[in-house]
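Contents: one structure, followed by commentary.
Protein chains: 2
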Amino acid sequence: MPQRSVARPQLTRESVLQAALQLADRDGIEALTMRALAEQLGVEAMSIYYHLPNKDAILDGLVEVVFAEIEHEVGGFPPPPATDASSWAPTLRERILGARRVLLRHPWLPNVMNARGASGPNAMRHVDGVVGIMRAGGMSHDLIHHSLHAIGSRMYGYVQELSDDGATPAPVELEQLAALAPHLAAMLAEVVHDDPDSTLGWCDDQTEFEFGLDLLLEGLERRLAAQPA
Amino acid sequence: MPQRSVARPQLTRESVLQAALQLADRDGIEALTMRALAEQLGVEAMSIYYHLPNKDAILDGLVEVVFAEIEHEVGGFPPPPATDASSWAPTLRERILGARRVLLRHPWLPNVMNARGASGPNAMRHVDGVVGIMRAGGMSHDLIHHSLHAIGSRMYGYVQELSDDGATPAPVELEQLAALAPHLAAMLAEVVHDDPDSTLGWCDDQTEFEFGLDLLLEGLERRLAAQPA
DNA sequence: GTTGTAAGACTTACGCCGTAAGATACGCTG
DNA sequence: CAGCGTATCTTACGGCGTAAGTCTTACAAC
Numbered sequence: 001m002p003q004r005s006v007a008r009p010q011l012t013r014e015s016v017l018q019a020a021l022q023l024a025d026r027d028g029i030e031a032l033t034m035r036a037l038a039e040q041l042g043v044e045a046m047s048i049y050y051h052l053p054n055k056d057a058i059l060d061g062l063v064e065v066v067f068a069e070i071e072h073e074v075g076g077f078p079p080p081p082a083t084d085a086s087s088w089a090p091t092l093r094e095r096i097l098g099a100r101r102v103l104l105r106h107p108w109l110p111n112v113m114n115a116r117g118a119s120g121p122n123a124m125r126h127v128d129g130v131v132g133i134m135r136a137g138g139m140s141h142d143l144i145h146h147s148l149h150a151i152g153s154r155m156y157g158y159v160q161e162l163s164d165d166g167a168t169p170a171p172v173e174l175e176q177l178a179a180l181a182p183h184l185a186a187m188l189a190e191v192v193h194d195d196p197d198s199t200l201g202w203c204d205d206q207t208e209f210e211f212g213l214d215l216l217l218e219g220l221e222r223r224l225a226a227q228p229a
Numbered sequence: 001m002p003q004r005s006v007a008r009p010q011l012t013r014e015s016v017l018q019a020a021l022q023l024a025d026r027d028g029i030e031a032l033t034m035r036a037l038a039e040q041l042g043v044e045a046m047s048i049y050y051h052l053p054n055k056d057a058i059l060d061g062l063v064e065v066v067f068a069e070i071e072h073e074v075g076g077f078p079p080p081p082a083t084d085a086s087s088w089a090p091t092l093r094e095r096i097l098g099a100r101r102v103l104l105r106h107p108w109l110p111n112v113m114n115a116r117g118a119s120g121p122n123a124m125r126h127v128d129g130v131v132g133i134m135r136a137g138g139m140s141h142d143l144i145h146h147s148l149h150a151i152g153s154r155m156y157g158y159v160q161e162l163s164d165d166g167a168t169p170a171p172v173e174l175e176q177l178a179a180l181a182p183h184l185a186a187m188l189a190e191v192v193h194d195d196p197d198s199t200l201g202w203c204d205d206q207t208e209f210e211f212g213l214d215l216l217l218e219g220l221e222r223r224l225a226a227q228p229a
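As you go down the protein sequences, you meet chains A and B in turn. Per full-length UniProt numbering, the first sequence starts with residue 1, numbered consecutively. Per full-length UniProt numbering, the second sequence starts with residue 1, numbered consecutively.
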């Protein structure tokens, strides 16, 4: 009846993801169902499956789309080479605040990342940029590693420190990673190598948790000491 | 046929919650469906609804059950009166690590709290204990307020700093809260009062976010300075 | 032109989910 | 024995993700 004219795609992976983003922003992530998404696209639900294999792929795609938005917000993921070694902290601060600005536009995203992870290329390059900034400031890979855990909640707007596995990258994956995120790959290579029993769970979650906790407690003690009596 | 003998309850709110806890721990939170839970209890799904109004009530109940477990782990929520004002940080540290020990046994719980919140009495008394510890250390209510936001992710194993509303308690609720969580209520009374436009969203999320972020960045700068060259 | 092929949509249906509505079995009190 | 409240079961509905198969169209080869 509606006289659909061609078989050239009006539906694409990109248009689906963009519609999904709009729908989630407008009505919340729980309103993002295959049927609702199809309706927004003027199409039947099953038609989406030609372009994306399942709903999880849509969620993963959304994470990547938002990281692309973050990249634009912070002016590109490979940060400009630092001219001043002491400027790493303000640089990092601005980068994290920029990411937060984007996440505030998509407040449902942290939950999606929490459920599905954030291991696409854009997310990786974001982390890589952070590692690069810290590296330019003179931090060791080991300290950077701890720092990533500590600021994780600020980078992503959430944190799940209770993960049961550290998601050890296989050596093969590590090579692929090097092309995409060289700083991150270098850090992993060194930190994993240092740990003799690196079969799995190469992060000691308890240690990382206490590292971040002590950072905060020390800071609070200084704030307390500076408090007007 | 199975000759169920009595109408005296074999099912209770408590037995349902305990079975739900077991099921979530064993098979993950996504396996916690009304039908699976009923089967575990040797009962039909709809029978559960006599004791709990819906599934969300079960999730809320689980949060409270786990906070009771935390209370037991840390030796009671009203912390013992501090003998030494400088001991607040180690006391708080131990309390947070204790909570983490419990959350590690129920790794699905942070996600539930993220989705459903943690506003039951046990959760409130937990926060109240933390406020009490900080208060005994000499912190102002204002500083305590900031600190709660900063350590939120450590207290709960997660953080959702992107909430859109600050959940302003109505004055009536505040009275009820005072009975349950006096330290927390005192803090809220003061902090909310200080803010002239306290109609809703009395926390400035951006300020709180930057407070916690700067705590971490300063700490990392000190770690970097202490790093062997 | 006719026909083959494959892209890109649609149709139908299945097994899950939470739960509304109501029926049923039992013990207790009059 | 009648009636009532309690606790459980039965049935069914609408919505979910998606497996399987079908239909329409554009285009290339003859």
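No residue lacks a Cβ here, since even glycine has one placed at the ideal position from N, Cα and C. Keep in mind that this is a model prediction, so the values were computed, not measured.
query	result
Cutoff 6 angstroms; reference GLU161 (chain B); Cβ partners in own chain excluding five residues on either side	Reliability of the predicted coordinates at GLU161 (chain B) is poor, the pLDDT of 44 falling under 50, and no value is obtained from them.
Status (buried if at least 16 other CB within 10 Å, exposed otherwise) for THR199 (chain A)	Confidence is the limiting factor: at THR199 (chain A) the pLDDT is only 42, short of 50, which leaves the residue's position unreliable, though a coordinate-based value still follows. Exposed, because fewer than 16 other Cβ atoms sit within 10 Å of the Cβ of THR199 (chain A).
Distance CB(VAL112 (chain B))-CB(LEU148 (chain B)) smaller than 8 angstroms	no
Cβ of SER47 (chain B) within 8 angstroms of any chain A Cβ	no
Straight-line Cα distance separating ALA150 (chain B) from GLU34 (chain B)	The displayed chain sequence assigns Met, not Glu, to residue 34 (chain B). Their Cα atoms are separated by approximately 36 angstroms.
Nearest-angstrom Cα separation, counted from GLY219 (chain B) out to GLY219 (chain A)	7 angstroms
Residue burial classification, ASP128 (chain B) (beta-carbon count within 10 angstroms, cutoff 16)	buried
Straight-line gap, VAL102 (chain A) to ALA57 (chain A) (C-alpha atoms, nearest Å)	21 angstroms
Start-to-end residues for the alpha helix (DSSP H) that takes in PHE67 (chain B)	55-73
Secondary structure, alpha helix (DSSP H): runs of 4+ residues fully inside the region 96-156 of chain A	109-116, 121-136 and 141-156
Status (buried if at least 16 other CB within 10 Å, exposed otherwise) for SER86 (chain B)	exposed
Enclosing alpha helix (DSSP H) for THR207 (chain B) [first to last residue]	205-226
Between the CA atoms of GLU64 (chain A) and ALA123 (chain A) - distance to the nearest angstrom	7 angstroms
Contact check, SER47 (chain B) vs LEU104 (chain B), beta carbons under 8 angstroms	no
Amino acids of chain A, ordered along the chain, whose beta-carbon sits closer than 7 angstroms to that of PHE67 (chain B)	Result: empty, since nearest Cβ-Cβ is about 16 angstroms, beyond 7 angstroms.
C-alpha gap between HIS146 (chain B) and ARG223 (chain A), whole angstroms	11 angstroms
Candidates B:PRO80, B:PRO228 and B:LEU217: closest to MET94 (chain A) by CA position	One detail in the question is off: residue 94 (chain A) reads as Glu in this sequence, not Met. Ranking B:PRO80, B:PRO228 and B:LEU217 by Cα distance to GLU94 (chain A) puts B:LEU217 first.
Nonlocal neighbours in the same chain, by C-beta distance under 8 angstroms from GLU73 (chain B), ignoring five residues either side	GLY98, ALA99, ARG101 and VAL102
Three-way DSSP call (helix, strand, coil) for LEU11 (chain A) in this model	coil
LEU32 (chain A) in three-state terms, based on DSSP	coil
Closer than 8 angstroms to chain B by CB, MET139 (chain A)	yes
Between the CA atoms of LEU180 (chain A) and HIS126 (chain A) - distance to the nearest angstrom	10 angstroms
8 angstroms Cβ cut-off: residues of chain B touching ASN54 (chain A)	Correct list: empty, because the minimum Cβ distance to chain B is about 15 angstroms.
Residue from B:ALA185, B:ILE29, B:ALA36 and B:PRO121 whose Cα sits closest to the Cα of GLY132 (chain B)	B:ALA185
DSSP-derived helix/strand/coil call for LEU52 (chain A)	coil
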